Amino acid sequence: MNEQPRETATELAHPDWVRRLNLFGDAVGDPSHLISLDADELLAVAQQSTGLTDLSSDDDWETGYRQLVEHLDVRAGLTVLGRLSARAEIIRNLQTR
491 MNEQPRETAT ELAHPDWVRR LNLFGDAVGD PSHLISLDAD ELLAVAQQST GLTDLSSDDD
551 WETGYRQLVE HLDVRAGLTV LGRLSARAEI IRNLQTR
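Just so we're aligned, residue 491 is where the sequence shown starts under the working numbering, counting upward by one.
Set out below in structure tokens:
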């Protein structure tokens with residue numbers, strides 16, 4: 491059988507708009523300068539947008555949340571688009587918590 495090689499994610503090129511957006515992070519030295527992933531700030535945004543103040547009443551939940559945000563902020567090496575997506579998803583999850 492004549493099988494065609496399968497395309498993998500590592501072979502896919504980013505669309506031009508993604509590449510250009512991510513270049514903003516390189517231009518300022520680090521994407522974290524443009525898109526904040528601060529656990530307290532994200533909680534405040536979610537609280538302000540919902541009017542709720544009890545988002546972090548479960549200490550076990552908050553510990554895991556802070557570890558996740560720290561990992562995404564410091565260790566994950568996210569691009570501008572990655573940080574923007576992570577920020578939006580975290581806020582959305584906090585709002586519906």
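Glycine included, each C-beta is placed from N, C-alpha and C at the ideal position. Predicted model, so just to flag it, every value in this text is computed and none were measured.
Nearest candidate by alpha-carbon position, reference residue i, set the options
{"i": "residue 525", "options": "580, 586 and 585", "result": "580"}
{"i": "residue 584", "options": "551, 507 and 522", "result": "551"}
Inter-residue Cα distance where the pair is residue i and residue j
{"i": "residue 574", "j": "residue 556", "result": "17 Å"}
{"i": "residue 514", "j": "residue 494", "result": "37 Å"}
{"i": "residue 543", "j": "residue 554", "result": "19 Å"}
{"i": "residue 530", "j": "residue 565", "result": "18 Å"}
Beta-carbon proximity of residue i to residue j, cut-off 9 Å
{"i": "residue 511", "j": "residue 570", "result": "yes"}
{"i": "residue 568", "j": "residue 505", "result": "no"}
{"i": "residue 576", "j": "residue 562", "result": "yes"}
{"i": "residue 508", "j": "residue 528", "result": "no"}
{"i": "residue 587", "j": "residue 534", "result": "no"}
Could you give the uninterrupted runs of the alpha helix (DSSP H) lying entirely in the segment 498-582, keeping only those of 4 residues or more? 506-517, 529-540 and 549-560
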